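Quick notes on the structure that follows.
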Amino acid sequence: MQTLRDLIFETAKLDARVGDVEEALRWGEPAYLTSRTKSGTTIRLGVEKVSGLPAMFFNCNTTLIEEFRQQFGAALQYSKNRAVLVQETEGETGNALRICIASALTYHLRKKR
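In my numbering, the protein residues as written are 2 to 114.
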């Protein structure tokens, strides 16, 4: 989970529109919000119940998981329309996770277009 947390903060720093990322607890799990800029939607880190794998959870009312499925297909694992399951954070998978994080952190900016 620490690696995912680091990826979130590193990715946020690459886009000035995101601003500072706030770390908070949601449902007892670490969550990352763009409270000041409101540029994105919350990313929550936790363990997916069925698989027991670490996961990045996204608001199920967004189109993020659908977008990730279209962009990455079977290169990533998903849990319904809620989460990307994480087995590794290096190489191509790590690059895909960075894109997922950037998409979540800028979700509202992209939806305004």
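Beta carbons: idealized from backbone N, C-alpha and C, even for Gly. If you're wondering where the values come from, they're calculated on a predicted model, not measured in any experiment.
Q.
Buried or exposed, going by whether 16 or more other CB atoms sit within 10 Å of the CB of C61?
A. exposed
Q | Beta-carbon contacts of I102 that lie in its chain and below 7 Å, excluding the five residues immediately before and after | A | L8, I9, T12, I44
Q | Closest Cα partner of T107 within the set T42, A75, F58 | A | T42
**Q.** Span separating the alpha-carbon of K14 from that of E68
**A.** Cα to Cα, the separation comes out at about 23 Å.
Q. Is the beta carbon of T90 less than 7 Å from the beta carbon of T4?
A. yes
Q. In chain order, what residues of the same chain have a beta carbon less than 7 Å from the beta carbon of V19, not counting five sequence neighbours either side?
A. A13, T35, T38, S40, G41, L106, T107
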